[in-house]
Structure formats: C-alpha cells, structure tokens
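First up is the structure itself, then whatever we jot down about it.
2 protein chains.
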Amino acid sequence: MAKLQSLFSMRHLLVLSLALNVSLILRMMYDSQLDLFFYKYPRQGQISNLHPQNKPRLLISSSFSNSSSSTCEDHHQPPPKNNNRVINLDHGDPRVYEAFWRETGEKTTIKIAGWQSMSYFSDVSNVCWFLEPEFAEEVVRLHRVVGNAVTEDRHLVVGTGSSQLFLAALYALSPTNSPQPISVVSASPYYSSYPSMTDYQKSGLYKWGGDADKFDISGPYIELVTSPNNPDGFVRRSVLNRSEGLLVHDLAYYWPQYTPISSPSNHDLTLFTLSKTTGHAGMRIGWALVKDKEVAKKMTKFIELNTIGVSKDSQLRAAKVLRAVSDSCKLQGGGESFFQFSHKIMTDRWKQLREAVQRSNGFFSVPTFSPSFCTFFNQNLVPHPAFVWLKCEKNVEDCESFLRGYNILTRSGTHFGVSQQYVRISMLDTDENFMHFLHRLSTINFR
Amino acid sequence: MAKLQSLFSMRHLLVLSLALNVSLILRMMYDSQLDLFFYKYPRQGQISNLHPQNKPRLLISSSFSNSSSSTCEDHHQPPPKNNNRVINLDHGDPRVYEAFWRETGEKTTIKIAGWQSMSYFSDVSNVCWFLEPEFAEEVVRLHRVVGNAVTEDRHLVVGTGSSQLFLAALYALSPTNSPQPISVVSASPYYSSYPSMTDYQKSGLYKWGGDADKFDISGPYIELVTSPNNPDGFVRRSVLNRSEGLLVHDLAYYWPQYTPISSPSNHDLTLFTLSKTTGHAGMRIGWALVKDKEVAKKMTKFIELNTIGVSKDSQLRAAKVLRAVSDSCKLQGGGESFFQFSHKIMTDRWKQLREAVQRSNGFFSVPTFSPSFCTFFNQNLVPHPAFVWLKCEKNVEDCESFLRGYNILTRSGTHFGVSQQYVRISMLDTDENFMHFLHRLSTINFR
Numbered sequence: 001m002a003k004l005q006s007l008f009s010m011r012h013l014l015v016l017s018l019a020l021n022v023s024l025i026l027r028m029m030y031d032s033q034l035d036l037f038f039y040k041y042p043r044q045g046q047i048s049n050l051h052p053q054n055k056p057r058l059l060i061s062s063s064f065s066n067s068s069s070s071t072c073e074d075h076h077q078p079p080p081k082n083n084n085r086v087i088n089l090d091h092g093d094p095r096v097y098e099a100f101w102r103e104t105g106e107k108t109t110i111k112i113a114g115w116q117s118m119s120y121f122s123d124v125s126n127v128c129w130f131l132e133p134e135f136a137e138e139v140v141r142l143h144r145v146v147g148n149a150v151t152e153d154r155h156l157v158v159g160t161g162s163s164q165l166f167l168a169a170l171y172a173l174s175p176t177n178s179p180q181p182i183s184v185v186s187a188s189p190y191y192s193s194y195p196s197m198t199d200y201q202k203s204g205l206y207k208w209g210g211d212a213d214k215f216d217i218s219g220p221y222i223e224l225v226t227s228p229n230n231p232d233g234f235v236r237r238s239v240l241n242r243s244e245g246l247l248v249h250d251l252a253y254y255w256p257q258y259t260p261i262s263s264p265s266n267h268d269l270t271l272f273t274l275s276k277t278t279g280h281a282g283m284r285i286g287w288a289l290v291k292d293k294e295v296a297k298k299m300t301k302f303i304e305l306n307t308i309g310v311s312k313d314s315q316l317r318a319a320k321v322l323r324a325v326s327d328s329c330k331l332q333g334g335g336e337s338f339f340q341f342s343h344k345i346m347t348d349r350w351k352q353l354r355e356a357v358q359r360s361n362g363f364f365s366v367p368t369f370s371p372s373f374c375t376f377f378n379q380n381l382v383p384h385p386a387f388v389w390l391k392c393e394k395n396v397e398d399c400e401s402f403l404r405g406y407n408i409l410t411r412s413g414t415h416f417g418v419s420q421q422y423v424r425i426s427m428l429d430t431d432e433n434f435m436h437f438l439h440r441l442s443t444i445n446f447r
Numbered sequence: 001m002a003k004l005q006s007l008f009s010m011r012h013l014l015v016l017s018l019a020l021n022v023s024l025i026l027r028m029m030y031d032s033q034l035d036l037f038f039y040k041y042p043r044q045g046q047i048s049n050l051h052p053q054n055k056p057r058l059l060i061s062s063s064f065s066n067s068s069s070s071t072c073e074d075h076h077q078p079p080p081k082n083n084n085r086v087i088n089l090d091h092g093d094p095r096v097y098e099a100f101w102r103e104t105g106e107k108t109t110i111k112i113a114g115w116q117s118m119s120y121f122s123d124v125s126n127v128c129w130f131l132e133p134e135f136a137e138e139v140v141r142l143h144r145v146v147g148n149a150v151t152e153d154r155h156l157v158v159g160t161g162s163s164q165l166f167l168a169a170l171y172a173l174s175p176t177n178s179p180q181p182i183s184v185v186s187a188s189p190y191y192s193s194y195p196s197m198t199d200y201q202k203s204g205l206y207k208w209g210g211d212a213d214k215f216d217i218s219g220p221y222i223e224l225v226t227s228p229n230n231p232d233g234f235v236r237r238s239v240l241n242r243s244e245g246l247l248v249h250d251l252a253y254y255w256p257q258y259t260p261i262s263s264p265s266n267h268d269l270t271l272f273t274l275s276k277t278t279g280h281a282g283m284r285i286g287w288a289l290v291k292d293k294e295v296a297k298k299m300t301k302f303i304e305l306n307t308i309g310v311s312k313d314s315q316l317r318a319a320k321v322l323r324a325v326s327d328s329c330k331l332q333g334g335g336e337s338f339f340q341f342s343h344k345i346m347t348d349r350w351k352q353l354r355e356a357v358q359r360s361n362g363f364f365s366v367p368t369f370s371p372s373f374c375t376f377f378n379q380n381l382v383p384h385p386a387f388v389w390l391k392c393e394k395n396v397e398d399c400e401s402f403l404r405g406y407n408i409l410t411r412s413g414t415h416f417g418v419s420q421q422y423v424r425i426s427m428l429d430t431d432e433n434f435m436h437f438l439h440r441l442s443t444i445n446f447r
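Protein chains in written order, with the UniProt record's numbering: chain A, 1 to 447; chain B, 1 to 447.
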C-alpha cells in the first residue's frame with residue numbers, strides 16, 4: 001500500500017484531477033454535439049419530445065406537416081373506428097416511400113451553401129443548358145442499374161416534373177406553321193390530366209383529340225402512350241400505327257416496384273418522373289430521353305420560355321436521392337435495396353386489397369394481371385400498379401359517389417374517358433391512410 | 001502531504017485513471033466530429049487543400065463550376081490583355097452577389113433530409129396549396145423590412161421564377177369565353193421576352209399587342225408595367241388608363257440596390273423574383289401578390305396544370321436566404337446589410353461605367369437619372385439599374401454588331417421594340433467580367 005502511494009506524487013494527482021476536469025469538459029462538449037445532431041434530425045418518436053423553440057423551422061414547415069400520418073410504425077396501429085374521417089385517395093401523392101428515406105438518414109441529406117447554384121446556367125455546352133451534370137449522370141446510371149431505358153444516343157432534358165416535359169413535348173412535336181393545331185390522342189382509359197393539360201392554354205399548336213381508339217382524322221397526330229398505364233396498370237403499346245403519328249411515351253410507372261421490367265425502353269421521346277420513381281413529388285423533377293436533337297432543343301426552348309430552367313436545388317437533391325437508389329441496388333449481402341423495399345410494400349398492399357375486394361362478393365372488381373419475367377428481380381412477377389382501377393359491379397352506376405358516401409374520395413372513370421362505374425384509387429398513400437381505407441371498405445354492407 | 005495522500009485510496013486513483021481514459025476516448029471522438037464537420041463544410045480557401053476523394057460531389061458540381069469566375073477577390077485582379085475572350089453581357093445572370101453569400105457561410109447553408117418535403121402538398125388550407133408557409137412568412141417579412149410592397153389583404157402565389165407567374169397572370173386575367181384573345185401590351189422599350197413568352201404557345205386566350213403607346217384597339221387588354229423598367233431602368237406607370245385595362249406590375253427590380261424605394265407598391269397583381277432580389281437565379285423562385293382571390297385561384301390552377309406546384313426545396317432554401325437578408329437589415333451597429341453591400345457595388349459599377357462612357361467623347365450615351373428620396377436608406381439617391389441601356393450615337397446604326405466586333409455580347413434594342421442603335425448590357429455579372437468589359441471599352445478607338 002505504502003509502495004503504491006509513493007507512486008503518486010502531488011503532480012501525478014494534479015495531472016489526474018486535470019484529466020478528470022478535461023474529461024468532464026469534453027463530455028459536455030461531446031454531448032452538446034449530440035444534442036445539435038439530434039435537433040437537426042429528430043427521429044419520428046423524438047419529434048414530439050422537442051420543445052417548440054428547439055424545433056428547426058425546416059422540420060416544422062415541411063416534415064412536420066407530413067410526419068403526422070407517415071411513419072413506418074403506422075401500420076402497426078389498429079385502424080380507428082371513426083368512419084367520419086375523410087380518406088382522400090383521389091391524388092397519387094407517393095407518401096408510401098417515406099419510411100425508406102427516413103432509414104437512410106445522413107446519407108441522403110443534402111447541404112447547399114447560400115452562395116452555391118446561383119447562376120441560371122448549369123452546362124452551356126449541353127443542349128439542355130440548365131441540366132445539372134450531376135443529375136444527368138445519376139439518371140443515366142439508374143437506368144443502367146434497373147435496365148428500364150436505353151440512354152445511349154439520347155438527349156436528356158430535365159423538367160419541373162414530367163408535366164412540364166409533357167407540355168414541352170407537345171410544343172416540340174407540333175408543326176410550326178400548320179393552320180390547324182395537331183391532335184393529341186391517347187387510348188382510354190387515359191391519364192385524367194391529359195385533356196386539361198393539353199387544352200387549358202387554348203393553344204393553336206395542339207389540341208386534345210380524345211380516345212386514340214376512336215380517332216379517325218387523317219394527317220399528323222401525337223399519341224400519348226402511358227405504360228404501365230395510369231389508371232389501370234396495364235402494359236401498353238401505340239394503338240394507332242400511322243406513318244404521320246408522333247409518339248410520346250410516358251413511362252412514369254415503368255419501375256420494378258410497379259411492373260416487371262421486360263427490356264430497356266427504346267422510344268423517340270420518353271418521360272420519367274422522380275415522384276413515382278422514389279416518391280419525391282415535392283421536388284418537382286422529371287426527365288425526358290429524346291432521340292432527335294432538334295426535338296430536345298425545342299423542348300429546352302419551351303422550358304426556357306416557361307420557367308427559364310429548372311430548380312438547381314432540386315436537381316442536386318434528386319441526384320443525391322437517385323445515387324442512393326442505385327447504391328442500394330449494388331449492396332453486397334444484406335441491406336434492402338429501394339426496389340426490394342418498395343416492391344415488398346406494393347405486393348403486401350395489393351394482397352390486402354384483393355382480399356378486401358374478394359370479401360365484397362363480386363360487388364367490386366379489380367384488374368387481374370398475368371405474371372411475366374422481370375429482368376431486374378430475375379424472376380416471374382405480377383404487376384402491382386400505383387393505382388387500383390376499381391369497378392362497381394351490380395347496381396351502382398356512379399362508383400365515385402357511392403364511395404364518397406363512405407367518406408372515401410376517389411377519381412371517377414369519367415375523368416379517364418370511360419364510365420362512372422370505374423374509379424381510380426391511389427395505392428401510394430401513407431400506411432395509415434391505406435389501413436383506414438381497407439377498414440372502411442370492410443364496413444360496407446354488401447348484402 | 002500525508003494528509004493529502006490519505007485522501008486518495010486505490011479506488012480514488014482508479015476512478016481518476018478511468019477519467020483519464022474516458023477523457024482520451026472522448027477527445028478522439030470529439031476530434032473525429034470536427035474532421036467530419038470540416039469535410040462537409042470546407043471554406044473557399046480550404047477547398048483546394050482537400051484531397052479529391054474528400055471533396056463533396058455537391059461542391060465539385062455546382063460551386064466549383066461557378067467559383068472560377070466569381071470569387072470576391074476577382075476585382076483585385078488586373079484586367080487581362082486578351083481581347084479575343086468573348087464577354088457575354090447579353091443575359092442578366094446575377095452573379096454579382098455571390099461574394100456576399102460566401103461571407104454568410106453556415107448561416108445560409110440549408111440541410112434537407114432525404115425523407116423531407118416528399119408530398120405534393122404544402123398547405124392545403126391555402127389558395128396556393130403548394131406554397132411553403134415558411135417561404136410565405138419570409139416574403140411578407142422582407143417586404144415589411146424594405147417597405148417596397150403592401151402585403152396586407154393579398155394572396156401570395158409562388159412560381160417557378162416570375163416567368164411562370166407572368167404566364168399564370170395572363171391565363172388568370174384572360175376572359176374565359178371570348179372569341180378573340182385579349183391583347184397584351186407594354187410601353188417600349190419593353191422586356192425582350194414579353195412578346196415570345198406571350199405568343200410561343202399560340203394561345204387563343206391572349207396574344208402580344210406590342211407597344212402600349214401605339215395600342216389603339218378598343219376593348220379589354222392587359223398592360224405590363226415594369227418598374228423600374230427592364231431595359232432602361234426608369235420608374236414607370238401605366239400609359240393606358242382605360243376602364244377595360246387589366247394591369248400586371250413586374251417589380252423585379254424594385255429593391256434598394258437598384259432604385260430608391262419611394263413607397264410600398266400597392267397594385268392588383270404584382271410580380272417579384274428571387275433572381276434579382278438576392279441573386280439566386282438557379283433556385284427559380286418568384287412570387288406574386290394578388291388582391292383578387294379568384295385571380296389567385298386561377299394563377300394557382302395554371303401552375304397546377306403547368307408543373308403541379310413549385311420545388312419545395314427551393315422554396316425552403318429561398319426562405320432561408322430571405323430570412324438572412326431581413327436579419328442583415330436589422331443588425332445593430334457593424335455588419336453590412338445585404339442591401340448596403342449590393343447598393344455599394346451597383347454605385348461603384350455605375351460610377352466606373354459612366355467614366356468609361358465619358359471617355360468615349362459622345363460616341364456612347366447612357367440614361368441619366370435624377371435623385372429621389374429612398375425610404376429604405378433614408379436619403380436622396382440616384383437609381384443604379386441592373387442593366388445599362390446604351391446608345392451608340394454618331395454613325396453607328398447597329399450598336400450590337402459594333403460591340404460584337406469587340407467580342408462584347410449585348411442585346412439589341414430591336415428585341416425591346418426600339419432601334420438597333422440601343423443595346424442592353426447586364427450590370428450584374430461577375431466582377432471579373434465587368435472589369436473585362438470596362439477594359440475592352442477602353443480599347444475602342446473613338447477618334
């Protein structure tokens with residue numbers, strides 16, 4: 001004992017006590033770092049514990065407004081008994097993927113300094129001068145990883161969502177000096193916004209021509225081919241095959257979570273959108289793969305006159321998100337890829353939906369799909385569309401009104417160019433809303 | 001001594017040595033936090049010291065491509081002798097403000113997690129359902145701070161730049177069931193994009209009607225009032241004052257760095273854009289202050305059909321930037337406000353430009369402005385427009401071609417509805433380009 005004590009002089013003790021102080025100081029500093037990190041990225045359970053003053057404005061305004069009904073724990077909650085709550089499944093707001101992105105944490109958090117991305121220009125050497133090279137690179141990479149589109153010898157045009165690119169395509173494909181606007185057609189049921197988006201400006205360049213199957217005017221036309229189709233989820237090809245036809249392929253849903261990938265799409269003009277790919281609708285980012293340079297130039301001109309380019313912030317954030325998706329597909333052993341995650345959810349939701357439809361004893365019907373080989377998952381799979389194309393059989397003429405009676409908001413078939421016996425229902429909403437919806441269906445008395 | 005030693009048993013010593021270990025462990029952990037932080041936020045001087053692998057992609061793609069010709073050191077460099085280098089001052093790319101934003105550093109760096117802002121919707125209770133409340137709040141605050149616009153009893157509509165809001169305004173103000181499109185006019189010299197933006201869709205709702213001063217068709221019309229005016233910088237009022245006239249006020253340049261603030265603007269429909277306010281053109285964010293709720297609804301509908309909303313990322317980043325501007329105006333003692341900084345630069349550039357014009361011995365002429373009281377700076381000031389409206393006097397008929405001969409790219413008066421003796425030259429480009437421009441002018445032989 002004496003021996004031991006002799007080992008420790010006052011100086012030793014001072015050093016040790018200093019070390020104690022230092023350790024306490026550092027402990028405090030390190031804790032404060034954790035607090036800072038915590039306040040910036042609170043996890044779902046933690047948000048409610050935050051004192052208002054500590055909540056970052058960003059979280060209050062954006063994630064907060066969303067978080068209430070979008071946690072990955074939601075589907076463990078028992079569906080509530082309150083049938084007065086309105087369940088809005090009219091829109092295709094892709095909230096279903098939030099859980100995956102919460103898990104990625106820091107990896108997909110973007111930081112943009114106040115002095116960055118200030119110029120109008122992104123790449124003056126590119127036909128699309130406002131295209132961020134980083135975004136372009138990740139789009140090409142993801143198409144290669146998924147195998148759903150040929151990107152070689154294509155011009156990439158970025159848009160404020162694919163809506164803007166749809167309008168840009170109509171502008172670019174319309175003949176310049178024609179006395180009559182060119183007809184824009186699509187086989188019914190067609191995407192409900194096509195007619196209004198085509199005609200709201202009363203353009204002299206193009207006008208809505210209705211159902212492609214009934215189109216009998218000779219001369220040039222633009223046919224919109226949505227595959228898999230919104231609203232019914234079926235794989236589509238052009239129905240009119242005339243020499244004067246110009247095609248726009250809307251492949252917003254040609255991703256592995258919705259439909260088997262048969263081969264890389266290879267068309268003249270193809271539209272994609274981040275909203276349905278990763279669920280980031282709020283970014284308003286879409287892209288077009290365009291074969292003809294002159295068409296790409298005219299589409300770029302349209303966007304220049306329409307909005308003088310596309311948000312750089314969202315292009316850079318989209319690049320980060322797409323990179324994370326491609327990276328997740330390359331994970332060796334363990335770690336779920338984005339498409340494994342999303343495909344699992346869609347499979348699960350469709351299983352539950354079909355069970356609910358079955359319980360209706362033929363009151364409702366939904367499309368049935370035959371399996372086909374998916375080159376991405378390397379197996380035979382059936383489609384799990386982003387929307388349910390529900391039909392009210394028997395004596396219900398107006399399916400949308402019928403479901404509204406149960407506080408379920410859907411979109412009537414009339415908007416898609418078919419009978420009101422049909423409705424389109426989103427399968428991409430939050431787990432909570434989807435469970436509410438299934439529960440609400442179970443309360444309908446079909447006898 | 002013995003007394004002191006007796007205070008320290010083996011257990012005390014163990015605790016202290018443990019503390020020493022903990023302190024070392026924490027020190028290491030804390031240091032690793034600092035390293036992480038450093039690599040995430042390298043300052044300008046540090047970037048070049050980073051090993052390529054450590055450079056964040058974002059910095060490589062966006063800031064790096066910009067930084068080459070936009071650092072705050074630029075104007076200390078001697079203007080180069082090379083007269084073959086093309087100086088492009090055709091566009092109004094507002095690179096001049098980058099230096100200010102570099103100084104703000106972390107304060108204006110935005111962080112958005114991968115799971116945030118995914119939904120299409122921002123505030124379903126608002127007429128403009130895609131308007132981020134945080135952005136709306138900062139717009140109102142900045143107008144209060146600057147005193148350049150009445151925001152009470154106004155509906156705020158956000159747009160993908162003010163270009164989209166310009167088109168939304170035409171759509172909203174056009175009579176719905178008129179057999180003829182309504183005429184859109186503006187007094188010349190008018191903003192060069194107005195005619196093409198109005199007519200590129202060949203809309204049946206509205207069509208370009210040319211110079212307002214020469215407009216003699218009776219009936220309803222839309223008059224565009226840009227004040228201060230692009231290209232010439234003069235304060236403007238409506239030139240047609242007929243009962244059937246609808247007014248759109250484009251106040252993109254009604255900010256203290258460009259023109260004295262006389263009073264809060266108070267019109268039916270007013271457009272502003274972040275590009276000219278803070279220099280963040282790449283965000284593509286503009287806003288409209290709208291008196292009539294139905295007009296605001298129709299503008300919102302236009303943006304819904306055009307792009308289904310506006311980038312949330314850019315709205316949130318814009319909120320952060322606008323907050324920094326308002327905060328900088330409230331600094332007590334010391335600390336330069338954004339408008340002090342930008343006003344000083346514009347004053348300096350205009351001084352140098354007028355000296356250069358004077359040296360031309362009447363070969364060139366530029367507008368002269370009389371001073372007026374600025375309620376923001378609380379003194380009499382002269383305007384310092386974002387563009388120079390240069391006239392080639394004497395025997396030069398085509399001023400744009402003449403300057404192109406000296407590798408100076410400008411925009412001819414013909415695009416603004418006047419003679420080609422005039423050109424518009426941007427005053428908002430980088431310090432480097434502006435100095436190149438002045439130097440190039442000095443090489444012209446006016447004898």
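Ideal Cβ positions, reconstructed from N, Cα and C, are used throughout, including at glycine.
Give a yes or no on contact between the segment 416 to 427 of chain B and the segment 384 to 401 of chain B, applying the rule of three or more CB pairs nearer than 8 Å. yes
Skipping 5 residues on each side, what residues in its chain have a beta carbon closer than 6 Å to that of A/Ser69? Model confidence at A/Ser69 stands at a pLDDT of 33, short of 50, so the residue's coordinates are unreliable; what they give is reported in the following sentence. Hits under 6 Å: Thr430, Glu432.
Status (buried if at least 16 other CB within 10 Å, exposed otherwise) for A/Pro94: buried
Quick check: is the beta carbon of A/Lys276 nearer than 7 Å to any beta carbon in chain B? no
Any residues in the segment 293 to 320 of chain B with a beta carbon nearer than 7 Å to a beta carbon of chain D? Which ones, in chain order? Here chain D cannot be found, since the structure's protein chains are A and B.
Do you know how far the Cα of B/Glu138 is from the Cα of B/Ser65? Unreliable positioning characterises B/Ser65 in this predicted model, as indicated by a pLDDT of 31, which lies under 50. The coordinate reading is nonetheless provided below. Distance between the alpha carbons of B/Ser65 and B/Glu138: 29 Å.
Under the DSSP definition of a beta bridge, which residues are partnered with B/Ser186? B/Asp211
Put A/Ile47 into one of helix, strand or coil per three-state DSSP. With a pLDDT of 26 at A/Ile47, under the threshold of 50, the predicted position of this residue should be treated as unreliable, though the coordinate-derived value follows. Three-state result, A/Ile47: helix.
Measuring alpha carbon to alpha carbon, tell me which of B/Ala356, B/Asp348, B/Leu409 ends up nearest B/Pro383. B/Asp348
Give the C-beta separation of A/Gly161 and A/Ser275 to the nearest angstrom, bearing in mind that I take them to be a contact with Cβ-Cβ under 8 Å. 7 Å
Interface flag, A/Ser62 vs chain B, CB-CB below 7 Å: Unreliable positioning characterises A/Ser62 in this predicted model, as indicated by a pLDDT of 27, which lies under 50. A coordinate reading is not provided.
Would you check if the distance between the CB atom of B/Leu142 and the CB atom of B/Leu305 is smaller than 7 Å? no
Could you list which residues in chain A have their beta carbon closer than 7 Å to that of B/Glu98, in chain order? Trp115, Met118
So which residues of chain B does residue 449 of chain A contact, with C-beta pairs closer than 9 Å? Shown here, chain A extends from 1 to 447; a query on residue 449 of chain A therefore has no answer.
Would you say A/Ser426 faces chain B, with C-beta separation under 7 Å as the test? no
Just curious, the alpha helix (DSSP H) that B/Cys374 is in, first and last residue? Run containing B/Cys374: none in the alpha helix (DSSP H); it sits in the beta strand (DSSP E), 372 to 374.
Check A/Ser262 in the structure and name its three-state DSSP category. coil
Quick check on B/Arg354: buried or exposed, where buried means 16 or more other Cβ atoms within 10 Å of its Cβ? exposed
B/Phe369 to B/Thr307, Cα distance in whole Å? 40 Å
Assigned exposure category for A/Ile25 - 16 Cβ within 10 Å defines buried: Confidence in A/Ile25 is poor, its pLDDT being 43 and thus under 50, which makes the residue's placement too unreliable to answer from.
Please report whether the beta-carbon of A/Tyr200 lies at a distance below 7 Å from any beta-carbon of chain B. yes
Say whether the segment 111 to 125 of chain A touches the segment 117 to 129 of chain B, bearing in mind that this needs 3 or more beta-carbon pairs closer than 8 Å, one atom from each stretch. no
Does DSSP put A/Thr430 in a helix, in a strand, or in coil? coil
Members of the segment 403 to 418 of chain B near chain A, C-beta cut-off 8 Å: none
Validate contact between the segment 245 to 252 of chain A and the segment 262 to 269 of chain A using beta carbons, cut 8 Å, 3 pairs: yes
Indicate whether at least one CB of chain B lies closer than 7 Å to the CB of A/His280. yes
Counting only C-beta atoms, is A/Ile110 closer than 7 Å to chain B at any point? yes
Residues that B/Gly417 bridges to, as DSSP identifies them: B/Gly417 pairs with nothing; no bridge assigned.
Partner residues on chain A for B/Trp101, Cβ-Cβ distance less than 8 Å: Ala113, Gly114, Trp115, Met118
Please return the same chain residues whose Cβ sits closer than 7 Å to the Cβ of A/Ser61, not counting the five positions on each side in sequence. For A/Ser61, the predicted structure reports a pLDDT of 26, less than 50, and the residue's modelled location is therefore unreliable. The matter cannot be settled from this model.
Between B/Thr104 and chain A, is any beta-carbon pair separated by less than 7 Å? yes
Pick out the complete beta strand (DSSP E) segments inside the segment 283 to 325 of chain B, 3 residues or longer, and give them in chain order. 285 to 290
Determine, using beta carbons only, whether B/Arg284 comes closer than 7 Å to chain A. yes
Ends of the beta strand (DSSP E) at B/Gly159? 155 to 160
Quick one: Cα of A/Tyr97 to Cα of A/Glu103, how far? 11 Å
Spell out a yes or no on whether the segment 161 to 181 of chain A and the segment 203 to 218 of chain A are touching, meaning 3 or more CB-CB pairs, one atom from each, closer than 8 Å. yes
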